[in-house]
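Enquirer: Per the numbering used here, the sequence shown starts with residue 20, numbered consecutively. Beta carbons: idealized from backbone N, C-alpha and C, even for Gly. One structure, pasted below without further comment.
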Amino acid sequence: VRARAAKQVIRTYGTGHSFAPIVSTDGVILDTKSLRGIVNIDPVAKTVTAKAQTPIADLGAPLLDAGLALKNQGDIDTQTLIGAISTATHGSGLAFRSFAGEMVACQLIDGEGNLRQYSLAEHPDMFHGLQCAVGTMGIMTEVTMSVAPAYVLKESIEIMPIQELRERWEDLLATYRHFSFFWMPTDGSSVLYGLPVAKADDCYVKLYSETDEPPGSGGQEVGSRIDHSYKIYPAVFEPNFHEFEYFIPAEQGIEAFEAHRELMLSLLPDSIYPMELRFVGPEEAWMSPNYERANLVISVAGKPGTDYWDYLRACDQHLYGRDGRAHWGKLHFMTAERLAQQFPRYHDFKELRRSLDPDGVFLNPHLSDLFA
Numbered sequence: 020v021r022a023r024a025a026k027q028v029i030r031t032y033g034t035g036h037s038f039a040p041i042v043s044t045d046g047v048i049l050d051t052k053s054l055r056g057i058v059n060i061d062p063v064a065k066t067v068t069a070k071a072q073t074p075i076a077d078l079g080a081p082l083l084d085a086g087l088a089l090k091n092q093g094d095i096d097t098q099t100l101i102g103a104i105s106t107a108t109h110g111s112g113l114a115f116r117s118f119a120g121e122m123v124a125c126q127l128i129d130g131e132g133n134l135r136q137y138s139l140a141e142h143p144d145m146f147h148g149l150q151c152a153v154g155t156m157g158i159m160t161e162v163t164m165s166v167a168p169a170y171v172l173k174e175s176i177e178i179m180p181i182q183e184l185r186e187r188w189e190d191l192l193a194t195y196r197h198f199s200f201f202w203m204p205t206d207g208s209s210v211l212y213g214l215p216v217a218k219a220d221d222c223y224v225k226l227y228s229e230t231d232e233p234p235g236s237g238g239q240e241v242g243s244r245i246d247h248s249y250k251i252y253p254a255v256f257e258p259n260f261h262e263f264e265y266f267i268p269a270e271q272g273i274e275a276f277e278a279h280r281e282l283m284l285s286l287l288p289d290s291i292y293p294m295e296l297r298f299v300g301p302e303e304a305w306m307s308p309n310y311e312r313a314n315l316v317i318s319v320a321g322k323p324g325t326d327y328w329d330y331l332r333a334c335d336q337h338l339y340g341r342d343g344r345a346h347w348g349k350l351h352f353m354t355a356e357r358l359a360q361q362f363p364r365y366h367d368f369k370e371l372r373r374s375l376d377p378d379g380v381f382l383n384p385h386l387s388d389l390f391a
C-alpha cells in the first residue's frame, strides 16, 4: 500500500531463473520467500495447494506419499511454483500442458491491496487470463495445481546421429511420453551443457516412457534409470548461458528444425551452444505461448558477457516468421504490436490486468511495454 501511494513499481523475485528483465525495477522488489510450503493435498480431487514460492522440487516426495505426481516437469526443478506458472514453464510431450495450464485456483493481492481468490471452476473464462500473467495481475500468495496419479518413468538417453533422428522423428514423438533432444552444432557443444561428449551434428536424445517396473530396478546411472517421475525429470545445469526460446506450431516439426539448423551452420558459425527441442500440448491460458495450439519449442543460447544479440535477432527473424511465440522468462524481441497479432485474447488480458492493477503497480518498464 505504501509503495502504491508513492507510485513505486512492485515486483517479486523467486530464484532468478529467468533471463528476461521481468523482475528488475527502480521501485520495490519484495522478498516473498517465506511463502513456501504445501497447504493441502487432495487425493480425490487430484490437486495440490501450495504457497506460491514453494520450489517445484519440494512437491515430489509429498505428492508421492499421497499417490500423486506432477503431470509433467522440465529439466530444472529449482524454480518456484509461481515462477513456473507465470511464465508457462514446461516439460516435453504433446499430451501435456505447461505449469500455467495446470493451475486451477489461486490467491493474490491485487494492485489496490485487496486479497482475492479465483478458481477455474468459479471463473471459467477469466481465470485463463491469470494462468500465465508474468506477475502483472498481482502478488500470487497461494496456488492450486491439478496433478496426476503417481507414475514411474523408464529413461533412455542416447547419442543419435542426425540422420537416424530424421528417420525416427515421428515414431519417437508418437511412442514416448517424453521426447526431447539437444542438437550439437560443433564437436565442443555438448560440454557447454555438461552433456556426454558428442560429435558435431549428433543429438543427445532423451526418451521417457511410463512403466510398471519397480523404481530403482534400472540402476542409478543417468540414461538407463527407472524411478518415480520427479526423480527422473530434473537435470543439473551450470548457469553458463543466456537462453532464447520460441514456440512454433508443432506441425512445422522436423522441417523447422532443419531450417534452423541450416541457419546456425551457414550464417551463425559462432553459435556453438546446443539447440534444444521439446514439444508442448495446447492450453487455454490467454498469454501462454501454447494458447490453443500444440508447439515445437526451439531453444538456443549465448555466452554471458558476449555480444550475442545479432545472433539472437537472426533466430528471432526466422522463428517469428514461423509464428513463433516467446517464452516470457527467456530473451526475446516481442512487442505489443506483435502480441496483438499473435494472441487472440491479448486485449482481454490487458483489460483484466487493468481491472486488477489500475495504476500499473506491477508493471516495470519491460512489462509495461508489452502489457500496459
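Three-state secondary structure (DSSP) at GLU131?
Expert: coil
Enquirer: Go to ARG30, then tell me how far its beta strand (DSSP E) extends in each direction, as first and last residue.
Expert: 29 to 32
Enquirer: Ordered along the chain, which non-local residues of its own chain (more than five positions away) have a Cβ less than 7 Å from that of ASP378?
Expert: ARG23 and GLY130
Enquirer: Of the choices ARG341, GLY86, LEU87 and SER111, whose alpha-carbon is the least far from that of ILE95?
Expert: For the residues ARG341, GLY86, LEU87 and SER111, the minimum Cα distance to ILE95 belongs to SER111.
Enquirer: Taking ASP61 as the reference, give the member of GLN126, THR163 and ALA107 with the closest Cα.
Expert: THR163
Enquirer: Can you list the beta strand (DSSP E) stretches of 3 or more residues lying completely in the stretch 160 to 201, in chain order?
Expert: 171 to 180
Enquirer: At a cut of 8 Å, does the stretch 272 to 290 reach the stretch 362 to 375 through at least three beta carbon pairs?
Expert: Verdict: no, contact absent.
Enquirer: Within 10 angstroms of the Cβ of ASN91, are there 16 or more other Cβ atoms? Answer buried if so, exposed if not.
Expert: Counting Cβ neighbours within 10 Å, ASN91 comes out buried, since at least 16 surround it.
Enquirer: Just to confirm, is the Cβ distance from GLN1 to THR51 under 8 Å?
Expert: Outside the shown range of the chain (20 to 391) lies residue 1, about which nothing can therefore be said.
Enquirer: Going by beta carbon distance, what residues of the same chain come within less than 6 Å of ALA313, once the five residues before and after it are set aside?
Expert: LEU113, ALA269, GLY300 and PRO301
Enquirer: Using 8 Å for Cβ pairs, my map puts THR155 next to ASP376. What's the rounded Cβ distance?
Expert: 7 Å
Enquirer: Taking the alpha-carbon positions, what's the ILE101 to MET159 distance?
Expert: Straight-line measurement puts the Cα of MET159 at about 7 Å from the Cα of ILE101.
Enquirer: Please tell me whether GLY213 and PHE260 are closer than 8 Å, where the distance is taken between their beta carbons.
Expert: Not closer than 8 Å, so no.
Enquirer: Would you kindly report the start and end of the unbroken beta strand (DSSP E) that includes TYR265?
Expert: 261 to 268
Enquirer: In angstroms with no decimal places, state the Cα-to-Cα distance between PHE390 and ALA355.
Expert: 7 Å
Enquirer: Using 8 Å as the threshold, is the C-beta distance between ILE75 and VAL67 below it?
Expert: no
Enquirer: Suppose you measure from the CA of PRO384 to the CA of SER43; what does that come to, to the nearest Å?
Expert: One C-alpha to the other measures close to 9 Å.
Enquirer: Taking only the alpha-carbon atoms, compute the straight-line gap between HIS351 and PRO40 and give it to the nearest angstrom.
Expert: 10 Å
Enquirer: Considering only residues of the same chain and omitting the five flanking positions on each side of GLY148, which have a CB-CB separation below 6 Å?
Expert: Taking GLY148 as the centre and dropping the five residues before and after it, the same chain places the C-beta of TRP305, PHE368 and LEU371 closer than 6 Å to its C-beta, in chain order.
Enquirer: Taking only three categories from DSSP, how would you classify THR222?
Expert: Reading the sequence as shown, one finds Cys at residue 222 and not Thr. If DSSP states are grouped into helix, strand and coil, CYS222 belongs with the strands.
Enquirer: At which residue ranges does the stretch 53 to 99 contain complete alpha helix (DSSP H) runs of 4 or more residues, listed in the order of the chain?
Expert: 79 to 84
Enquirer: Within a Cβ cutoff of 6 Å, which residues of the same chain sit near TYR252, ignoring the five residues on either side of it in sequence?
Expert: GLN92
Enquirer: In three-state DSSP terms, what is ARG372?
Expert: Looking at ARG372 - three-state DSSP - the assignment turns out to be helix.
Enquirer: Provide the residue(s) that pair with CYS125 in DSSP beta bridges, ordered along the chain.
Expert: According to DSSP, CYS125 bridges with TYR137 and VAL162.
Enquirer: Let me know if GLY120 comes out buried or exposed under the rule of 16 or more other beta-carbons within 10 Å of its beta-carbon.
Expert: buried
Enquirer: Kindly list the residues whose CB is nearer than 7 Å to the CB of GLU257, restricted to its own chain and excluding five residues on each side of it in sequence; keep chain order.
Expert: GLY213
Enquirer: Counting Cβ pairs closer than 8 Å, one from the stretch 230 to 239 and one from the stretch 188 to 207, do we hit at least three?
Expert: no
Enquirer: Quick one: what's VAL299 bridged to in DSSP?
Expert: GLY112 and ASN314
Enquirer: Are there 16 or more other CB atoms within 10 angstroms of the CB of GLN126, so buried, or fewer, so exposed?
Expert: By the neighbour-count rule (16 or more Cβ atoms within 10 Å), GLN126 is buried.
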